[in-house]
Structures are given as structure tokens and as C-alpha cells.
Amino acid sequence: MKLLDFGRMENGKITISEKIGEPLGLVDGSEVFSSMFRYEIEDRGTFEIVLSPFGPENYREIAYVTMEVRDQPGALAQAAGFLKSRNVDILNSETVSSIPNVIMVWEMLVDLSFFGDSLSLKKEFDEAKHSKDPALSLVDQLAVESSDLSTRYARGAVTGNQMVKVKALRKTEKKASLIKDGCFELPQAYTNFLGKTSAPIMLVGEPDSWILSIVFLNDDSRLVHMRVDLPDRPGAIYEIMNVLGEQSINVLAGYTNVLVYYEKMTCELVVDSRAAPSKSVEALGEVLKQRISGLGPQFALAEISPIKL
2 MKLLDFGRME NGKITISEKI GEPLGLVDGS EVFSSMFRYE IEDRGTFEIV
52 LSPFGPENYR EIAYVTMEVR DQPGALAQAA GFLKSRNVDI LNSETVSSIP
102 NVIMVWEMLV DLSFFGDSLS LKKEFDEAKH SKDPALSLVD QLAVESSDLS
152 TRYARGAVTG NQMVKVKALR KTEKKASLIK DGCFELPQAY TNFLGKTSAP
202 IMLVGEPDSW ILSIVFLNDD SRLVHMRVDL PDRPGAIYEI MNVLGEQSIN
252 VLAGYTNVLV YYEKMTCELV VDSRAAPSKS VEALGEVLKQ RISGLGPQFA
302 LAEISPIKL
């Protein structure tokens, strides 16, 4: 699940909150690598900075590994021992007892740099299981998937969309930057591309890949958080989005959650209201309450509040 935060770049520095930084390893004293992109579609565009504690050369040997083990003492030790004996470094990982007393799943991001490649790791596991290696008696399955995370550094975020022009302005800073006092200080080349040292930003963290995307918003952005109650039926979300579109409100992020199947759900959104006719959150809230409640008895604007930038 992605992590989301909003803030400002001030004097060329970006504060990385604990809720974003800790899961990504971007804390005080961390060395981070970065790259910068410019995205354009028709007459619109923005900049993005990609941060990670790993440079793209590291990502060439990083893979996703999933191990299925018995849910009993010693099983995880066997799984970790198999990786240790092959100099595989475990990075991010999550262990869940999916069926207590029966099966546990261990999902992880690993560095294969000191071992080889993902195909070789899978081959060695299969051979060990085929020979009934007692060191893996409690480990049933191993799956390996290449991460291909280096493309995020080299090509940006929308590599499959032909309508979007992507330009790598600074493919990778060869020298790592240091997180200090919870802040990332932009290299001078980045602020030169931006043409400014202060701007509102959106931070999107990807814990599975240890990547933080920092996207620059319009200087006059007016961000609002809102929660809408609506029925769980086809077309309900369309009706909410249509109301927002009529008010020239742009959605930046959101998620939906079903409360009662086929009856009730909620929709939480972060929107930019800078182009809306109503210039205050209070006035905007009144307009949206009226428009949304007019969609039917199960529709309601449950919450609306400004986001400080």
C-alpha cells in the first residue's frame, strides 16, 4: 500500500515525515540517491524527484521473494538459513501466519548482488527440495520475481503512456545525499531546473520498492481532504466524480472502502480546489453537501477540511 503526504519545499529543502521516511529507510543519517524527471502532456507539465536508499546499480540485483513455510518453531530459521548460506541480503520483509498452525507466508525484497540472479536462486531451492534436504524440511515453496526497479530511475513513472512526454533531467546523482534533521536538500542542479526553491509538493512512498516519489504541485494549489458516504452500487462513484468535475475540482488521491456489501461504502479523497468557483473551504463544503445529497438518500458529504501546505 502506498504512503501519501503533502508539504512544501522551502529553501531547497524537503521535510520527510516519520510516517513516510521510516518505512522507506529515509531517516536521519540515511544516504539517498535521486533522479529527476519532467513530465508533459499537451500544455500541462510538472517535475518529479525519485529518492531511494539504493542507487539504480543496486536495483539490478534486487528481487521479490516469497517463501511458504510451516507455521511452527524453526520454520523461519530454515528459510532465513537458506538465504544466508547464499549471501542473499533480506531488505524489506513481512511475515504473516496466513493459516495459524498450518502455513506462514514470508514476503521480502532481497539483494542478490553477492549471489547471482533470481533464476539461479529458484533452481537451487528446487534442487534442494527434490533431494529432500533436511535443512528445508519446514519450507515448502519459494517464488522469485525480478524487481525491474532500475527502470523507475531511468524512465520515470509513466513509461507505457505514449501521450506523456518524459524527460530525464538528471538520470542519477552519482553522489548520495544525506538525510539531515528529517530533510532532503535538493542538489543545486535540481533547483536550477525548477527555477525556484519553494513550492508545494506531494510525496508518494512505495514501501515494497523503497522508493519515494516527490511531485511538484501548482504554486496556487488549494488542497482539501474530503470523505463521502455513498451506496455500494454500479455508477455511484461516477456520480461523485461527476459532481467534482462540474465544480472544476481535480482529484489527486483517493480510496474507497465497502462498509456493507451492496449497501454502503465510503470514498476518501484529496483534491485540488484552486479552480473551483467557491474559494473558501466552508463555501465549497456547502455547495458539495447540497450537490452530493441531491444524488440520493444514501449520498452525503461526511467530512471536508483544508490541507495546509
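With this note's numbering, the residue at position 160 of the sequence shown is 161, and numbering never jumps. Using N, Cα and C, we set each Cβ at its ideal position, and we do this for glycine too. Just so we're clear, the structure is a prediction, and the values are computed from it rather than from any experiment.
Counting only residues of its own chain and dropping the five nearest sequence neighbours on each side, Val-103 has a CB closer than 6 Å to the CB of Asp-72.
Leaving aside the five residues that flank Lys-166 on each side, the residues in its chain whose CB is nearer than 6 Å to its CB run, in chain order, Glu-41. The C-beta separation of Ala-155 from Ala-169 comes to about 7 Å, placing the pair in contact by the 8 Å criterion. His-226 has Val-271 and Ser-306 as its beta-bridge partners, per DSSP.
Rounded to whole angstroms, Ala-284 and Arg-234 show a C-alpha spacing of 29 Å. Following the DSSP letters along the chain, one finds Arg-292 in no beta strand (DSSP E) but inside the alpha helix (DSSP H) bounded by residues 282 to 294. Contact annotation: Ile-91 and Val-111 have beta-carbon atoms nearer than 7 Å.
In this structure Val-89 is buried. Its beta-carbon is surrounded by 16 or more other beta-carbon atoms within 10 angstroms.
Per DSSP, reduced to three states, the secondary structure at Val-89 is coil, with no helix or strand assignment. The alpha carbon of Asp-209 has as its nearest neighbour, out of Ser-148, Gly-297 and Glu-304, the alpha carbon of Ser-148.
Residue range 237 to 247 is occupied by the alpha helix (DSSP H) that includes Val-244.
Annotation: the continuous alpha helix (DSSP H) that includes Ala-190 extends over 189 to 195.
Burial check for Pro-201: the Cβ neighbour count within 10 Å reaches 16 or more, so the residue is buried. Contact annotation, Asp-29 with Asp-182: C-beta distance approximately 7 Å; criterion of less than 8 Å satisfied. Per DSSP, Ala-254 is one residue of the beta strand (DSSP E) stretching across 251 to 261. Excluding residues up to 5 positions away in sequence, Ser-274 and Arg-275 lie with their Cβ nearer than 6 Å to the Cβ of Arg-223 in the same chain. A straight line joining the alpha-carbon of Trp-211 with that of Ser-98 spans about 24 Å. Distance from the Cα of Val-272 is smallest, within the candidate group Tyr-262, Asn-219 and Glu-19, for Asn-219.
Close CB contacts of Glu-11 within its chain, under the 6 Å cut and outside five residues either way in sequence, are with Ser-199 (chain order). A residue is called buried once 16 or more other Cβ atoms fall within 10 Å of its Cβ, and Arg-153 is buried on that count. Under the three-state reduction of DSSP, Asp-182 is assigned to coil, being neither helix nor strand.
In the DSSP annotation of this structure, Arg-234 is not part of any beta strand (DSSP E), being labelled neither H nor E.
Distances from the CA of Phe-38 to each of Leu-296, Thr-96, Leu-195 and Ala-144 were compared; the closest alpha carbon is that of Leu-195. Taking 7 Å as the cut-off, the beta carbon of Val-66 is found no closer than this to the beta carbon of Val-140. Taking all protein chains in view, the Cβ of Met-2 is surrounded by fewer than 16 other Cβ atoms within 10 Å, so the residue is classified as exposed. If you draw a straight line from the Cα of Val-288 to the Cα of Pro-232, it comes to about 20 Å. The continuous alpha helix (DSSP H) containing Ile-21 extends over residues 19 to 25. No residue range can be given for Asp-209, since it is assigned to no alpha helix (DSSP H) and is classified by DSSP as neither H nor E. Assigned with DSSP and collapsed to three states, Gly-46 falls in strand.
At least 7 Å separates the beta-carbon of Leu-213 from that of Leu-5.
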